[in-house]
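For reference, the structure is listed below as structure tokens.
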Amino acid sequence: MNTVSFSCEIPVRYDVDICITGAGPGGVAAAVTAARQGAKVLLLDAHTMPGGMSTAARVPVLMTVSDGIRLLPDGFGREIIDRSTAAAQAHNFDNGWMPLHAEQLKWIYEDLLTQAGVELLYYARLAAVRTENGTVRETIYAAPSGLFAVKAKIFIDGTGDGTLATWAGAPFDMAPLEEIMPSTLCSFWAGFDWQAYRDGGACTHNDDKMPDLLEAAFKDGSLSTEDFHHTGLVRNSNFTAGGNISHVFGIDGTDERSLTRGLVESRRLLQEYERFYRKNIAGFANAEIVDSGSLLGIRESRRIKGDYTLVLEDFQKRRDFPDEIGRYNFSADIHPPRPTRAQVEEHKKFFRSTACGHGESYGIPYRVLLPQKINNLLTCGRCVSTDRYVHASLRVIPGCWITGQAAGMAAAMAADANCTPREINVQQLRENLRNIGGYFH
Ligand SMILES: Cc1cc2nc3c(=O)[nH]c(=O)nc-3n(C[C@H](O)[C@H](O)[C@H](O)COP(=O)(O)OP(=O)(O)OC[C@H]3O[C@@H](n4cnc5c(N)ncnc54)[C@H](O)[C@@H]3O)c2cc1C
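First residue of the sequence shown? That's 0 in numbering that gives the first Met the number 0, and the numbers climb one at a time after it.
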């Protein structure tokens, strides 16, 4: 491949205690938590809103937040849930899930960030990382005003994809593309009769009629991609339902060529599903898709290797850890890469086999936030150190709030003590987290 080399002077525009790249659920939780400890925090995102997948990708539902007794993402998560539940009740939702209203979630996140005193910057895409002897010195961003650099004592990777940690030199794992979980462009629908839809009972791959309807559409070609894994729709406002509908396969969330193919393919598929719903689904004869994500929904990409890797056995044994900073319990939801009818049944079986009972959860050790080989960096959210199974549980929004809150607290302690996140007093970290509501053993 041809290469060019060029050098240029890049202004150091910020010198802060903590620099967080990526304002998804993990990054926002980290930023708010750290700033509340008095740290000078800069939060940057390539996109135009806080929330990452939970807003920009229009994910419509909040996954498990409780073990039946306790609120697992307590602390930061409780603040979001308290405000969102009020919004949800106002809309009189009827389906047992805790729906997400992307627009309201943006307002809540921005409100919390502003009140905590976080300096927030959109349109700033991480372009390079300069690391010296395992210490990140500067992160460099491409923005409308040009390139600029940020110096910080502690950096946090909230990119979901582990981009900062990888570019800093941390090792990572990623499933081969033929195995990787498919991506989905989530969508907002309007113009439906929700009661008729509920009464009709043909909603998801778990309902009796849906697999047959899908099979007929695959056979007659009206749905061009065979995909029996149909997670369906959730009512998320008086006027809209959020669709987690259709998959695109083999997408590499770390490669813009693959992401572009995924978006174009998804928009084509959504047109097919809109016709399919109008024709086949009760209450949807006049429905239309009014919006879809401005980011493709990426379920799986890099998992950064940390000082500990949380694995399926830890999950299954509901293991406790001496450095535990949270607990979580959502089943391992590995979307199948080839969703035939048989594979969807396998998926359902495995999903159910990992379900936690009343009061059960697995511990999350602090060490999963500490990328190997790098001194002043923490990860949070989807890219923390797990195997694929635990990733398929912890990747959901409440899990990202838990790891984000812990990363923010740890970063604030390290910045304050002028030490690395590896050197902080972990028992003190746990006490500080408990003081803001964190739940763990
Ligand atoms: C289709 C789909 C459906 C899902 N359904 C559910 C569900 O029903 N319930 C649930 O709880 N969870 C669900 N999830 C999971 C959940 O939404 C995500 O795993 C979670 O949002 C990940 O949070 P995060 O903080 O790690 O990063 P993300 O949400 O991925 O956010 C990362 C942020 O970093 C920014 N960023 C990335 N790279 C750069 C860069 N180079 N420079 C600057 N900024 C950058 C992005 O713009 C983004 O804002 C779903 C996910 C998908 C994809």
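Glycine included, each C-beta is placed from N, C-alpha and C at the ideal position.
Cα-Cα separation, residue 356 to residue 144: 52 Å
CA nearest to the CA of residue 125, picked from 185, 97, 103 and 154: 154
Select from 25, 332, 432 and 345 the residue whose C-alpha is nearest the C-alpha of residue 44. 25
DSSP bridge partner residues for residue 278 (one or two, in chain order): Looking at the DSSP assignment, residue 278 forms no beta bridge with any residue, so it has no partner.
Just tell me which of 397, 32 and 104 has its CA closest to the CA of residue 40. 32
Please indicate yes or no: does the CB of residue 290 lie closer than 6 Å to some heavy atom of ligand 1? no
If you draw a straight line from the alpha carbon of residue 253 to that of residue 223, how long is it in whole angstroms? 26 Å
Going by DSSP, name the residue or residues bridged to residue 442. Given that the chain is displayed from residue 0 to residue 440, the structure contains no residue 442 and the question cannot be resolved.
Just to confirm the assignment: which complete beta strand (DSSP E) runs, minimum length 3, are found wholly within the segment 100–178? 118–120, 124–131, 134–142 and 145–156
Exposed unless 16 or more other CB atoms sit within 10 angstroms - verdict on residue 228: buried
Complete alpha helix (DSSP H) runs within the segment 352–408 (minimum length 4 residues, chain order): 387–393
Residue of 12, 407 and 321 minimising C-alpha distance to residue 142: 12
Three-pair Cβ contact test at 8 Å for the segment 398–415 versus the segment 365–380: yes
Decide if residue 138 is buried, meaning its Cβ has at least 16 other Cβ atoms within 10 Å, or exposed. buried
Simplified DSSP state of residue 272, which is helix, strand or coil: helix
Three-state secondary structure assigned by DSSP to residue 9: coil
Do residue 130 and residue 157 have their C-beta atoms closer together than 7 Å? no
Output needed for residue 122: all residues of its chain with C-beta closer than 6 Å, excluding positions within five of it in sequence on either side, in chain order. 142 and 143
For the pair the segment 426–439 and the segment 321–341, tell me if three or more CB-CB distances fall below 8 Å. yes
Could you give the C-beta distance for residue 261 and residue 295, rounded to a whole number, given that I count them as a contact under 8 Å? 5 Å
Helix, strand or coil at residue 309 according to DSSP, with G and I counted as helix: strand
Segment contact, 8 Å Cβ cut-off, at least three pairs: the segment 182–197 with the segment 296–310: yes
Quick check on the burial criterion: 16 or more other C-beta atoms within 10 angstroms. Buried or exposed for residue 19? buried
Span of the beta strand (DSSP E), counted from its first residue to its last, around residue 198: First-last for residue 198: 193–199, but that is the alpha helix (DSSP H), not the beta strand (DSSP E).
Helix, strand or coil: which one does DSSP assign to residue 58? coil
For ligand 1, is there a heavy atom less than 6 Å away from the beta-carbon of residue 356? no
Among 65, 15 and 225, the one whose alpha carbon lies nearest that of residue 338: 225
Name the residue from 301, 109 and 230 whose alpha carbon lies nearest to the alpha carbon of residue 47. 109
Report yes if the CB atom of residue 245 is closer than 7 Å to the CB atom of residue 272, and no otherwise. yes
If you follow the alpha helix (DSSP H) that residue 29 is in, where does it begin and where does it stop? 24–35
Does ligand 2 have a heavy atom nearer than 6 Å to the CB of residue 395? In the structure shown, ligand 2 is absent; the only ligands present are ligand 1.
Return the CA-CA distance between residue 433 and residue 17, expressed in angstroms with no decimal places. 22 Å
Is residue 242 near residue 235, with beta carbons less than 7 Å apart? no
If I measure Cβ to Cβ from residue 359 and keep anything under 8 Å in the same chain, skipping five residues before and after, which residues do I get? 66, 317 and 328
Cβ neighbours of residue 279 in the same chain (closer than 6 Å, five flanking residues each side left out): 212
I'd like to confirm the pairing. Which residues does DSSP put opposite residue 18 in its beta bridges? 41 and 154
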